[in-house]
Amino acid sequence: MSIFDKINIDPVTFEILRHRLFAINDEAAATLRLVSGSPVANEAFDFNTGIMDADGGVCVLGIYIGIHAISIEDVTRYIAVEYKDNPGIGPDDMFICNDPYLGAMHQSDVVLTAPIHYNGELIAWTGAVIHQVDVGGSVRGSQCSLGAESIFQEAPPMPPLKIIEKGVLRKDIKQEYLRRSRLPDVVELDLRAKIAANNTTKKRILETIKEYGADTVKAAIAAIREYTEMRFRERLKELPDGTWRHTYCLEYENKVYPCHMSMEKSGDHLVFDLAGTADQAPAVVNCTYAGAKAGIVVALLQYLCYDMPWSPAGIEKAIEVKSKPGTILSVRWPGGISKSTTGGVQASMQLASVCLGKLLSSSKNYLDRVMAGWVGGFGTLELFGTNQRDEPFGSVLLESLVGGSGATAFADGVDTGGMLHSISCCKANAETYEFRYPFIYIFSRQQTDSGGAGKYRGGMGYSSIYVPHKVEKIPWCLLLTFNPENSESSGLMGGYPGGGVVFSFKRNSDILDSFKKGVMPGEMTEIQGKLEKVPPQLITEIGPRDVLFRQTAGGGGYGDPLERDPEMVQDDVLNGAVSIKAAKQLFGVVIDGKTLKVKAKATDNQRVKIKAVRAKEFHPV
Amino acid sequence: MLNEYLGTKTQDKRKVVYCSSCGHVFGPISGNYKLHALISEGPISRAGPQTDPLNKNKKYVFRQFCCPGCYRLLESEIVLRGSPVEWDIKLAG
Chain U
0 MSIFDKINID PVTFEILRHR LFAINDEAAA TLRLVSGSPV ANEAFDFNTG IMDADGGVCV
60 LGIYIGIHAI SIEDVTRYIA VEYKDNPGIG PDDMFICNDP YLGAMHQSDV VLTAPIHYNG
120 ELIAWTGAVI HQVDVGGSVR GSQCSLGAES IFQEAPPMPP LKIIEKGVLR KDIKQEYLRR
180 SRLPDVVELD LRAKIAANNT TKKRILETIK EYGADTVKAA IAAIREYTEM RFRERLKELP
240 DGTWRHTYCL EYENKVYPCH MSMEKSGDHL VFDLAGTADQ APAVVNCTYA GAKAGIVVAL
300 LQYLCYDMPW SPAGIEKAIE VKSKPGTILS VRWPGGISKS TTGGVQASMQ LASVCLGKLL
360 SSSKNYLDRV MAGWVGGFGT LELFGTNQRD EPFGSVLLES LVGGSGATAF ADGVDTGGML
420 HSISCCKANA ETYEFRYPFI YIFSRQQTDS GGAGKYRGGM GYSSIYVPHK VEKIPWCLLL
480 TFNPENSESS GLMGGYPGGG VVFSFKRNSD ILDSFKKGVM PGEMTEIQGK LEKVPPQLIT
540 EIGPRDVLFR QTAGGGGYGD PLERDPEMVQ DDVLNGAVSI KAAKQLFGVV IDGKTLKVKA
600 KATDNQRVKI KAVRAKEFHP V
Chain X
0 MLNEYLGTKT QDKRKVVYCS SCGHVFGPIS GNYKLHALIS EGPISRAGPQ TDPLNKNKKY
60 VFRQFCCPGC YRLLESEIVL RGSPVEWDIK LAG
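Heads up: the protein sequence lines correspond to chains U and X, in order.
Here the first sequence is numbered in numbering that gives the first Met the number 0, starting from 0 and rising by one per residue.
Here the second sequence is numbered in numbering that gives the first Met the number 0, starting from 0 and rising by one per residue.
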């Protein structure tokens, strides 16, 4: 039976309308970027937009941060049920919410959702989310409330509030929202950006209704969900049944929190069981059940839904997520969650992506879709203070978004390819940051040896060095990772994990002397100063002679590195992806230091030697 | 198959996992192939120059499994020191 036998729309109209709805949603995202004044949204693209059916199920998702599908979906579904009679859902209303216990990933991700009515009937919803630079709480940037014992010491969660009523922005609600922020101007502009995005979608959908009729547009939205579910279940049926497991560790305040996943695939159904995962932390690193589900859904979209509409509502009936309340992946009130996106949500995404990569590896027909792990851990860098124009500034620097992607079964991962949960995120323009914030980059580059070794190499991560500029100091700098010792992206089939997250300082360095001499260091080792290894979570200041180094995670490799074509390793060395030393140690490829060519016989001997070492050092389990 | 390196076949009326490179049999698919592989554990810096460049790691080890027949690597992972061998792939049937 064809999908079109079950739904009330012809195939041609369906194709036209589903692509039109995608374009409408994309236009809304473009509008949001143009209105927002925050580099978080308009440079690094930490936001998303979506179109939902009348029940709040996301049928069209934008190409930005994928976990926000669940943010807008869960918040909208809550409003659709709980607010139907009081305060009511009327045409030209919009609701704002950042309550993680109702769907927002963390308090910084503020959802604005809007019903779309036609002739008094609720036809659909549209929603937008932006990561806000500050929504209040005890810590600048609102994300990393170190030492918090619960959500009550974090940024305050805001349940859905009708911030736009009958098309009018309510001044009282707006003031309530902005009053808590240290950077209300930026946050207000982002609010306007989300209003503009939602208005764009509403206008275009109403135009489409005038052209095709309300029943046809409603049928098209419903059909996206049905079509996606059918395609998704067909895909699952083509894959082998079985169980795949993985473990991922988070670390917060010197305690390790192991997270476990057992993914069972049976016919056209997938069960993700997080049993055995550690109990919740007091605050910051946990995620809600919605966060755990969001990480899993994003992995599913990337690994299994690459050629079908990205409709999370379409796949939800075919999956089940089991997560015990009171664990770090399903926090119970009043546990804090202010940095869940790089904590629990990241953990569930990593767990699911490794399990899904191994599931695809078990099918000959899907070997070309296998991917090793992407960006195994995140490092958060936030700066607040007064900039070179004596204006207050503050922001998270989202360069952790540009880690390496995982290798596939036929090709290397993409160098600085981005994150698994966004196909469009970017590193903000270096000049934009230097203009807005009081620092300059010494370098900003892809990091040699950060991609996991393998027959196919993981994508390189990124590294940069910052030094304060035209200010006496940057008084507030937050550095945080939940993976201080283990931020590596998983390899597959013997492929090595990628390089990890690194932060370090050279305090009281000679960098200003180097500037005076016209010397620009190319490595941290070329800068003299006191090396400071950064602990997992740190709030500090950056002095005028301090330099800060950051590195993002590389992608995991695929296959035994000894099977990599030596010519590819030679290219890696020429391109700066692999050092001569690592070429020999990890890949068994000997490169001539002068000609940078492969030494064939020495390479054969080195590979035999490495196998001999394995024969000697490896032992029965 | 479990993956590109580990195939499955019927041998003596039972389904087994074998190395697709050398044919070494790891045992029935109803068991964990890793328990029949060779294992090595060492510092995570062995995974590459950028895995632990500041030498901060204390809690984790770099664990690898290879085929006893041809020494082809089957899995390379960073795990908590002392954690049990995970049964990561269990095909039904």
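Beta carbons: idealized from backbone N, C-alpha and C, even for Gly.
What you are looking at is a predicted structure, and each value in this text was computed from that prediction instead of being measured.
Per-residue DSSP class, three states only, for residue i
| i | result |
| --- | --- |
| residue 424 of chain U | coil |
| residue 258 of chain U | strand |
| residue 94 of chain X | This structure cannot speak to residue 94 of chain X, because chain X is shown only from 0 to 92. |
| residue 387 of chain U | coil |
| residue 590 of chain U | strand |
| residue 268 of chain U | strand |
| residue 606 of chain U | helix |
| residue 356 of chain U | helix |
| residue 8 of chain U | coil |
| residue 343 of chain U | helix |
| residue 25 of chain X | strand |
| residue 152 of chain U | helix |
| residue 12 of chain X | coil |
| residue 597 of chain U | strand |
| residue 612 of chain U | helix |
| residue 620 of chain U | coil |
| residue 49 of chain X | coil |
| residue 70 of chain X | coil |
| residue 57 of chain X | coil |
| residue 466 of chain U | strand |
| residue 44 of chain X | helix |
| residue 495 of chain U | coil |
| residue 561 of chain U | helix |
Nearest residue (CA-CA) to residue i, options the options
| i | options | result |
| --- | --- | --- |
| residue 112 of chain U | U:136, U:137, U:158 | U:158 |
| residue 400 of chain U | U:412, U:393, U:407, U:423 | U:423 |
| residue 455 of chain U | U:558, U:163, U:201, U:65 | U:558 |
| residue 155 of chain U | U:99, U:321, U:605, U:458 | U:99 |
| residue 622 of chain U | U:167, U:317, U:286, U:148 | Past the edges of chain U, shown from 0 to 620, lies residue 622 of chain U, and the structure says nothing about it. |
| residue 601 of chain U | U:588, U:17, U:135 | U:588 |
| residue 265 of chain U | U:276, U:232, U:438, U:583 | U:232 |
| residue 48 of chain X | U:607, U:573, U:553 | U:553 |
| residue 54 of chain U | U:20, U:15, U:115, U:343 | U:115 |
| residue 685 of chain U | U:224, U:549, U:74, U:605 | For chain U, the structure presents residues 0 to 620; residue 685 of chain U sits outside this window and is missing. |
| residue 537 of chain U | U:561, U:508, U:479, U:584 | U:479 |
| residue 59 of chain U | U:28, U:342, U:144 | U:28 |
| residue 613 of chain U | X:15, X:13, X:39, X:24 | X:39 |
| residue 19 of chain X | X:44, X:4, X:29, X:12 | X:4 |
| residue 312 of chain U | U:197, U:556, U:228, U:274 | U:228 |
| residue 391 of chain U | U:410, U:437, U:409, U:380 | U:437 |
| residue 165 of chain U | U:138, U:88, U:143 | U:88 |
Spatial neighbours of residue i in its chain, beta-carbon cut-off 6 angstroms, leaving aside the 5 residues before and after
| i | result |
| --- | --- |
| residue 74 of chain X | 64 |
| residue 569 of chain U | 597 |
| residue 487 of chain U | 375, 496, 497, 499 |
| residue 370 of chain U | 356, 405, 407 |
| residue 319 of chain U | 270 |
| residue 308 of chain U | 223, 227 |
| residue 113 of chain X | For chain X, the structure presents residues 0 to 92; residue 113 of chain X sits outside this window and is missing. |
Beta-carbon contacts of residue i that lie in its chain and below 7 angstroms, excluding the five residues immediately before and after
| i | result |
| --- | --- |
| residue 178 of chain U | none |
| residue 364 of chain U | 237 |
| residue 541 of chain U | 467, 472, 473, 476, 547 |
Cross-strand partners of residue i (DSSP beta bridge)
| i | result |
| --- | --- |
| residue 80 of chain X | The partner list for residue 80 of chain X (beta bridge, DSSP) is empty, contrary to what the question assumes. |
| residue 164 of chain U | U:167 |
| residue 477 of chain U | U:381, U:538 |
| residue 370 of chain U | U:407 |
| residue 392 of chain U | U:384 |
| residue 246 of chain U | U:259 |
| residue 18 of chain X | X:5 |
| residue 241 of chain U | U:264, X:90 |
Residue i CB to nearest heavy atom of the ligand ADP below 7 angstroms
| i | result |
| --- | --- |
| residue 322 of chain U | Among the components of this structure there are no ligands whatsoever, and the ligand ADP is therefore not found. |
Cut-off 8 angstroms between Cβ atoms - residues of its own chain near residue i, not counting five sequence neighbours on either side
| i | result |
| --- | --- |
| residue 172 of chain U | 95, 160, 161, 162 |
Report task. May I have a chain-ordered list of the beta strand (DSSP E) segments no shorter than 3 residues that lie completely inside the segment 502-548 of chain U? Result -> 529-532, 536-541
Report task. For the segment 25-70 of chain U, list the alpha helix (DSSP H) runs that are entirely contained and at least 4 residues long, ordered along the chain. Result -> 38-41
Report task. Tell me the start and end of each unbroken beta strand (DSSP E) in the segment 162-211 of chain U that is at least 3 residues and wholly inside, in chain order. Result -> none
Query raised in the report: Residue ranges of each alpha helix (DSSP H) run of no fewer than 4 residues wholly in the segment 66-150 of chain U, ordered along the chain?
Result: 67-81
Query - Completely contained beta strand (DSSP E) runs for the segment 406-450 of chain U, where each covers 3 or more residues - result: 438-445
Query raised in the report: What alpha helix (DSSP H) runs, 4 residues minimum, are completely inside the segment 277-338 of chain U?
Result: 288-303, 311-314
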